[in-house]
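Counting in UniProt numbering, the sequence shown tops out at residue 265, every number present.
First the structure, in the form of structure tokens, and then the observations on it.
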Amino acid sequence: MLAFASNSLLCRAALRETEIDAASFTAIRLASGALMLIILLRMRGVRPSSGGSWPMAVMLFAYAVFFSFAYRDLTAATGALLLFGAVQLTMMAWGLWRGERIAGWRLLGLVIAVGGLVVLLLPGLAAPPPHAAALMLGAGAAWGVYSLLGRGAGEPIAATGGNFLRTVPFAAALILTAYGRETVDYTGLAYAVVSGALTSGLGYVLWYAALPALSATSAATIQLSVPAIAAIGGAVLLAEPITARLLLASAAILGGIALTIRKKG
């Protein structure tokens, strides 16, 4: 969870405090993650493209692009909250579409969580920019689909490595679309490499390796810590404000989701 929250902090810090642009950050992040995982797979004698799939790679790329461009105008805490809420709601929506019933406390929790998102996005001085919020919600939806596709995807390093490797052509195309407008400095480059190689590549592998030992409820509950870690990190490291609206929305979104997943197990 520290790795997941660190992605928000690294991206926000890079786009706010360095010269790197969102497209370059995304491309370097994905390429660095792919390179790190290729090295690990080669050390284990595994062909890098043996795992993963193109649909998962498309979702991973969509998440990374929306994530970076959203963080040009969102604080680390607001971005993590929108991302996490969208991930959970996407996975809940999939369950409902597949015929899963939701009633009682679970229904109440879902209503509270959605209400929290509405509170966060309502127009006002403390509301996040609509375009940035929409991008982060899109990132969360893409990550939710990626997670759903990843169920039963096989060995974590092979699957994650294959997915990162398949995003490289998309990352190259992204850089071409930004040709002439891209900017990279050494600090921004370092943030992107750390985000890709460590907190994304290795972080995702560790998380998916740990999932089999966790119940669905435990895994979902643990993820509730990510927005809180990002909020604390944003306040301490980036001097970002924690507003009353953010606190109220966080309590509603995270509390509602906690109530919903508590009744799953």
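Backbone N, C-alpha and C fix where the C-beta goes; we use that ideal spot for every residue, glycine too.
Residue i vs residue j beta-carbon contact at 9 Å
i       : j       : result
Ser-250 : Leu-110 : no
Leu-41  : Ala-134 : no
Tyr-146 : Leu-247 : no
Val-58  : Phe-170 : yes
Leu-237 : Leu-9   : yes
Leu-202 : Ala-3   : yes
Ala-127 : Glu-240 : no
Ser-225 : Gly-33  : no
Met-43  : Gln-223 : no
Spatially closest choice to residue i from the options, by CA coordinates
i           : options                              : result
Gly-79      : Ala-139, Phe-61, Ile-20 and Leu-96   : Ala-139
Ala-70      : Phe-61, Ala-132 and Ser-32           : Ala-132
Ala-23      : Ala-252, Leu-189 and Ala-142         : Leu-189
Pro-129     : Leu-60, Ser-50 and Leu-74            : Leu-74
Glu-182     : Phe-25, Leu-2, Ala-3 and Ala-5       : Phe-25
Val-119     : Leu-259, Thr-260 and Thr-243         : Thr-243
residue 270 : Val-226, Ser-49 and Glu-19           : Only positions 1 to 265 of the chain appear in the structure, and residue 270 is not among them; the question remains open.
Val-87      : Gly-104, Arg-72, Gly-99 and Ala-113  : Ala-113
Thr-260     : Ala-209, Gly-95 and Val-193          : Gly-95
Trp-207     : Leu-89, Leu-121, Asp-21 and Gly-150  : Gly-150
Leu-30      : Ala-210, Ala-209, Gly-196 and Pro-55 : Gly-196
Thr-90      : Gly-115, Ser-6, Gly-144 and Ile-20   : Gly-144
Arg-72      : Val-193, Trp-54 and Cys-11           : Cys-11
Arg-106     : Arg-98, Met-92 and Trp-97            : Met-92
Ala-252     : Gly-85, Ser-6 and Ala-172            : Gly-85
Leu-83      : Leu-148, Ala-209 and Ala-5           : Ala-5
Integer-rounded CB distance, given that residue j should sit under 8 Å from residue i
i       : j       : result
Tyr-63  : Ala-142 : 4 Å
Leu-137 : Ala-27  : 22 Å between Cβ atoms; not a contact.
Ile-20  : Val-184 : 5 Å
Gly-256 : Gly-116 : 6 Å
Report task. Taking 8 Å as the threshold, find out whether the stretch 32-42 comes into contact with the stretch 162-178 through three or more Cβ pairs. Result -> yes
Report task. Count the C-beta pairs between the stretch 59-69 and the stretch 232-246 that are closer than 8 Å, then say yes if the count reaches three, no if not. Result -> no
Report task. Determine contact between the stretch 187-202 and the stretch 6-16, defined as no fewer than three beta-carbon pairs at a distance below 8 Å. Result -> yes
**Report entry** 3-residue-minimum beta strand (DSSP E) runs that sit fully inside the UniProt domain "EamA" (133-261), ordered along the chain
**Finding:** None, since the UniProt domain "EamA" (133-261) contains no complete beta strand (DSSP E) of that length.
**Report entry** Start-end ranges of the alpha helix (DSSP H) lying completely within the UniProt domain "EamA" (1-121), minimum 4 residues
**Finding:** 2-17, 22-43, 54-70, 76-97 and 104-121
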